[in-house]
Amino acid sequence: MGDAAGIGPEIIVKALADKQVVAGFEPVVVGDVDVLRNVAAKLGTNITFAKDSTRTSDDITVAGAGEPVSGIEIGKLSAAAGRASGKYIEKAVHLWRAGEIDAVATAPINKEALGMGGYNFPGHTEFLAELTGTTRFAMSFFAGDLRVVLLSTHLSLLEAVEVVRKERLEQLIVFADSALSHLLGRSVKLAVAGLNPHASENGMFGSEEADEIEPAVRSCVSRGIDVWGPYSPDTIFLRGFRGEFDAVVACYHDQATIPVKAFSFGSAVNVTLGLPFVRTSVDHGTAFDIAGQGVADASSMKAAMKLAAELARISLAMTDSVSG
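The working numbering numbers the first residue of the sequence shown as 203 and each following residue consecutively.
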């Protein structure tokens, strides 16, 4: 459910009220049943929520975790809401370990509130990695046919440039090829974005392409990976959007997220690569400024739920094929 003081409960209710979204899978909400019921009533929806022990066939199951958070102030930072959002993440992993869920789609959390609640993680990704013992993971975004994988995430631009090194880039390409092939159920074709304008124009605008990126790409090609580049960053994302490549490896955070949000803001989905289960998330934050007003756009939450179900079906089919 994410942070109960933000728009998470609202976009979940709106998404679950859309019959096309929930067709083909059974939703379980990890959160606070009273918060969800109040939001559903305010929005005038006809969906009902119940704890697993009391639900009927018409109810959506709510798996609680920790104490209720119904007394918090909507749109305000809260240690109670932050602590609860951390408990929801822990509960989701517990349900996965117990075989009760196949994928996780996360509503937004507030990093400051999470810290106030006693959790020292910068976000969902690192938290889930810690809970599952995952040491190799990467942030990616799916925006229709445009998929991007990030070499670095929340670093200053100067620090991000320092990360563009052959060894690290080569490791990411190998990892992305394996993870995306598993998620999509087929071999993938990758492109790598250059760091500098026009991918340095043969050294006119920088040396990172020749010194770091090109050697990484060549090494990966020699290992049998279908990867190309580096390409000029001002055009390669459009080519990915048009379906020429299955994914584009980006050199830093905003190089990836600007085209994603320009093409598909509100409907793009954050996908964590490397976790032992499918995890998707919305491409926006808690939006405290509009929380509780009933005006939040649920498009990204809907897309995250649908993609989680789609990717989980592919993963389960591949598992059945291997075991068969």
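Heads up, the beta-carbon is just placed ideally off N, CA and C, and yes, glycines get one too.
Three or more C-beta pairs below 8 Å linking the stretch 270-281 and the stretch 243-250: no
Close Cβ partners of G408 (< 6 Å) along its chain, the five nearest in sequence each way excluded: Taken in chain order, the residues that qualify are N398 and S402.
Alpha carbon to alpha carbon, how far is N404 from D436? Give it in angstroms, no decimals. C-alpha of D436 to C-alpha of N404: approximately 16 Å in a straight line.
Closest Cα partner of P432 within the set E364, L218, D413 and A309: D413
Kindly give me the distance between the Cβ atoms of I262 and T247, rounded to whole angstroms, as I take these residues to be in contact under 8 Å. Actually they are not in contact, since the Cβ atoms of I262 and T247 sit about 11 Å apart, beyond 8 Å.
Among the candidates G346, A331, E361 and G208, whose CA atom is the shortest distance from the CA of K508? G346 is the residue among G346, A331, E361 and G208 whose C-alpha sits nearest the C-alpha of K508.
Helix, strand or coil, according to DSSP, for V216 in the structure here? The residue asked about is misnamed: residue 216 is Lys in this sequence, not Val. Helix, per DSSP.
For L352, which option in C453, I438 and E364 has the closest C-alpha, if you only look at C-alpha atoms? Put simply, of C453, I438 and E364 the residue whose alpha carbon is nearest the alpha carbon of L352 is C453.
Using DSSP with H/G/I as helix, E/B as strand and the rest coil, what is G476? The DSSP-derived three-state label of G476 is coil.
Given 8 Å as the limit, is there contact between the stretch 485-503 and the stretch 458-477, that is, 3 or more CB pairs closer than that? yes
Straight-line Cα distance separating F439 from G463: Checking the sequence shown, residue 463 turns out to be Lys, not Gly. The alpha-carbon atoms of K463 and F439 are separated by roughly 12 Å.
In this structure, does DSSP put S380 in helix, strand or coil? helix
If you compare alpha carbons, which of R420, V390 and G325 is closest to G442? V390
My assumption, with CB atoms under 8 Å, is that K293 sits in contact with V232. Please give the rounded CB distance. 5 Å
So is N472 buried or exposed if we call it buried at 16+ other beta carbons inside 10 Å? buried
Does DSSP put M203 in a helix, in a strand, or in coil? coil
Helix, strand or coil, according to DSSP, for A500 in the structure here? coil
Please check the pair P324 and H356, which I expect to be a contact at CB under 8 Å, by giving their CB distance rounded to whole angstroms. 7 Å
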